[in-house]
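Position 163 of the sequence shown, counted from 1, bears residue number 641 in my numbering, the numbering being contiguous throughout.
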Amino acid sequence: MDKFRIEGGRRLEGTLRICGAKNAALPEMAACLLTGETVELRNLPRVRDIETMARLLEHMNVEVARPEGEGESARVRLRAGTISHAEAPYDLVKTMRASVLALGPLVARTGYARVSMPGGCAIGARPIDLHLKALERLGAEIATEHGYVEARAKRLRGARMVFDRITVTGTENVMMAAALADGETVLENAAREPEIPDLARLLVAMGARIEGAGTSSIRITGVPSLRGAAHSVIPDRIAAGTYLVAGAITGGNLLLEAADPNHLDAVIQKLAECGVEVRREPGGLRVGGAGPWKAADAATEEYPGFPTDMQAQYMALMTQAQGTSILTETIFENRFLHASEMMRMGADITIRGNQAVVRGPTPLTGAGVIASDLRASASLVLAGLAAQGTTVVDRAYHIDRGYEKIEEKLRALGARIERISG
Ligand code: EPZ
């Protein structure tokens, strides 16, 4: 199991390119199931979850021209000519919850889907009840047994529905299913994350009729079939936010090429509250300055609020900020697992329910640490960059799921980080 070894205390300087968004590419790969023609995705992130989704689609007999190219030219071509069996098996779903995104497209295209329930994960129970209720509203018959969901529908029919709570992949799943439903669907209380209008842009290029994606009310008028299309994935706003924090926590100076500042308003504004200046430049986003940074409270909210996927990274920065900050996690019920590992490095954090009280600055010293999810792992790399001495972050595979070649990118910016295979 790979680990990362980091010698902290070095400023990061230079330029790096932000890759395509994992959380846009995953639903967009699943969207290929909606047509028998070829869908080409460009600016594809080369991360483990993308490989997992490719394997899942191949399992359904989708032709996957293996992801090729690097950076902007990284692309994949997918063709779901005939879907042999509309199933997402447990051994694949358990490694990537986003496999549930096959559910809506499969039942819309073939009338049947059998998808393993993802089960919980480190950050929470993460049920998919809202996905299933929405598909039932579209006329699907849903049965859950032996850990699987079976969905059947001769033809989905459009409906109005209000999500009980905002769900990103729930909105994506139902938007894809409704694209082939008979009649009009209106999704109220829909998620507004930038990945959703990006998915809608692909679906519209495939012939879907969708209005309002990116707002909390999305209207989809079903069409009999969809065609192939080519689409370029938006840049990864969470990867960009992570590297902004990397620049701030090391007192460095970074230029993030291809980052889209319009997707990062809440993060940039929060960093500005701390005194971290993020400037738009022709080449991208620049973060720089030696601090000291001021502590500022943050509460995670659905987009356009401060993203839950940036909470762990922001906590690492707050351990080095002057003053006390209160971080409130409102999206997931157990997303402070990184705090105890940071405390082992010297951070002063007190957890009270869904709030973490961080007192800074406290000098961090390198330690052996372990993380349980993608963003927690990234936050421990950030803490390691700021710590004095050597930090070893175990279970590097968590990071590989969502960050493209993170050790190569950080090394190119002056970090002393290496991957230890083991
Ligand atoms: C997406 O997960 C992202 N993953 C997550 O990113 C992100 O943290 C999350 O949205 C919130 O922004 C992908 O896009 C692949 P939700 P998702 O449904 O869709 C509850 C990362 O690090 N809920 O918006 O699974 C749920 O338990 C990952 O890249 C239900 O109760 O999140 C949570 O508390 C981590 N029932 C809240 O809603 C449901 O049916 C928001 O979940 C669905 C969700």
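Note that the Cβ used here is the ideal one computed from N, Cα and C, for glycine as well.
Does the distance between the C-beta of residue i and the nearest non-hydrogen atom of the ligand EPZ fall short of 7 Å?
| i | result |
| --- | --- |
| Val-646 | yes |
| Ile-809 | yes |
| Gly-602 | yes |
| Asn-501 | yes |
| Ile-606 | yes |
| Leu-534 | no |
| Glu-491 | no |
| Thr-786 | yes |
| Arg-758 | no |
| Gly-880 | yes |
| Ala-576 | yes |
| Arg-609 | The sequence given here has His at residue 609, not Arg. Yes, the beta carbon of His-609 sits closer than 7 Å to at least one heavy atom of the ligand EPZ. |
| Leu-852 | yes |
| Ala-669 | yes |
| Leu-504 | yes |
| Arg-615 | no |
| Glu-666 | no |
| Glu-673 | yes |
| Arg-643 | yes |
Checking 8 Å against the spacing of the C-beta atoms, do residue i and residue j come in under that value?
| i | j | result |
| --- | --- | --- |
| Arg-889 | Ile-898 | no |
| Gly-636 | Gly-661 | yes |
| Leu-658 | Ala-586 | yes |
| Val-711 | Asn-651 | no |
| Arg-575 | Arg-604 | yes |
| Gly-838 | Thr-869 | no |
| Asp-676 | Pro-713 | no |
| Thr-778 | Leu-863 | no |
| Gln-791 | Ala-865 | no |
| Ala-503 | Leu-490 | no |
| Ala-655 | Leu-634 | yes |
| Ala-600 | Ala-618 | no |
| Ile-674 | Thr-649 | yes |
| Gly-706 | Glu-735 | no |
Report the partner residues of residue i according to the DSSP bridge assignment.
| i | result |
| --- | --- |
| Leu-430 | Examination of residue 430 is not possible in this model, given that the chain is present from 479 through 900 alone. |
| Ser-695 | Glu-666 |
| Gln-798 | DSSP, once it has assigned bridges, lists no residue as partnering Gln-798. |
| Leu-734 | Leu-494, Leu-763 |
| Phe-810 | Note: Phe-810 sits in no beta bridge, so no partner. |
| Ala-566 | Val-593 |
| Val-870 | Arg-483, Gly-846 |
| Ile-674 | Note: Ile-674 sits in no beta bridge, so no partner. |
Nearest CA to the CA of residue i: which residue from the options?
| i | options | result |
| --- | --- | --- |
| Thr-513 | Val-756, Leu-556, His-816 | Leu-556 |
| Thr-828 | Val-540, Ala-580, Ser-803 | Ser-803 |
| Lys-572 | Ala-849, Gly-598, Ile-674 | Gly-598 |
| Leu-584 | Gly-766, Pro-505, Ala-737 | Pro-505 |
| Leu-901 | Met-793, Ile-561, Gly-761, Asp-714 | Any question about residue 901 goes unanswered here, given that the chain covers just 479 to 900. |
| Asp-826 | Ala-874, Leu-634, Ala-861 | Ala-861 |
| Arg-715 | Val-723, Trp-771, His-709 | Val-723 |
| Lys-883 | Arg-489, Thr-516, Arg-483, Arg-524 | Arg-524 |
| Ala-768 | Gly-498, Glu-780, Val-754, Leu-581 | Val-754 |
| Arg-697 | Leu-763, Val-627, Arg-638 | Arg-638 |
If you run the structure through DSSP and keep just helix, strand and coil, what is residue i?
| i | result |
| --- | --- |
| Tyr-881 | coil |
| Arg-911 | Limits of the chain in this structure are 479 at one end and 900 at the other, which puts residue 911 out of reach. |
| Ile-727 | helix |
| Met-507 | helix |
| Tyr-590 | strand |
| Arg-715 | helix |
| Ser-803 | strand |
| Asp-607 | helix |
| Asp-941 | No answer is possible for residue 941: it lies beyond the span of the chain, which begins at 479 and ends at 900. |
| Met-820 | helix |
| Lys-887 | helix |
| Ile-484 | strand |
| Tyr-779 | Note on residue identity: the sequence assigns Glu, not Tyr, to residue 779. Three-state DSSP puts Glu-779 in coil, outside helix and strand. |
| Arg-630 | strand |
| Ala-637 | coil |
| Gly-846 | strand |
| Ala-861 | helix |
| Lys-500 | helix |
| Ile-688 | strand |
| Asp-851 | coil |
| Glu-755 | strand |
| Asp-527 | helix |
| Pro-545 | strand |
| Thr-828 | strand |
| Glu-896 | strand |
| Arg-837 | strand |
| Gly-769 | coil |
| Ile-601 | coil |
| Leu-580 | In the sequence on display, residue 580 carries Ala and not Leu. Here Ala-580 sits in helix by DSSP. |
For chain C, is any of its Cβ atoms less than 8 Å away from the one on residue i?
| i | result |
| --- | --- |
| Glu-614 | The structure shown contains no chain C; it holds only a single protein chain. |
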